[in-house]
Each structure stands twice: as structure tokens, then as C-alpha cells.
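Structure first, commentary second.
In my numbering, the protein residues as written are 14 to 85.
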């Protein structure tokens, strides 16, 4: 009887160890899509991530210009 219980116990542990991890794997795009922000802002973030430093500078210049215009 003890051998049977040990076998069931061992098989149970082996089964748990054999299961794939239950962590959620998601892409950066999935994470952005889940953010509680406007759809257009999500698109802007995706464009910025796909770009390079030149794209970053262009976006920052555009935002700075818009903010400056709003203040005037």
C-alpha cells in the first residue's frame, strides 16, 4: 500500500513538473493594446517603437511644437 501511495505521489509531482508554465506570454504589441489609453496614442507608441532615434527626435519636435502653440 505504501508503495502505491508513493507511486501516485511521484507520478503526481512528475505530472506537475511536466506541465507547461502557466505564465502569460505576450508581445509588446499586446501589452500596448491592453493599456487604458486612446487608440491613436497606442498607434503612436507602436510607430515610435518601430522607428529609430531619428523618429524619436521627430516625434519630440512635433510634440514640443504643439505644446508651444497651445501656450500661445
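Glycine included, each C-beta is placed from N, C-alpha and C at the ideal position.
query: If you draw a straight line from the C-alpha of residue 65 to the C-alpha of residue 85, how long is it?; result: 31 Å
query: Near residue 68, what residues of its chain come up, given a Cβ to Cβ distance below 8 Å and the 5 sequence neighbours on each side ignored?; result: 60, 61
query: Note down, in chain order, each residue of its chain lying with its Cβ closer than 6 Å to the Cβ of residue 21, except the 5 sequence neighbours on either side.; result: none
query: Once DSSP output is grouped into helix, strand and coil, what is the label at residue 46?; result: helix
query: Could you pull out every residue in the same chain whose Cβ sits closer than 7 Å to the Cβ of residue 55, ignoring the five residues on either side in sequence?; result: 45, 46, 48
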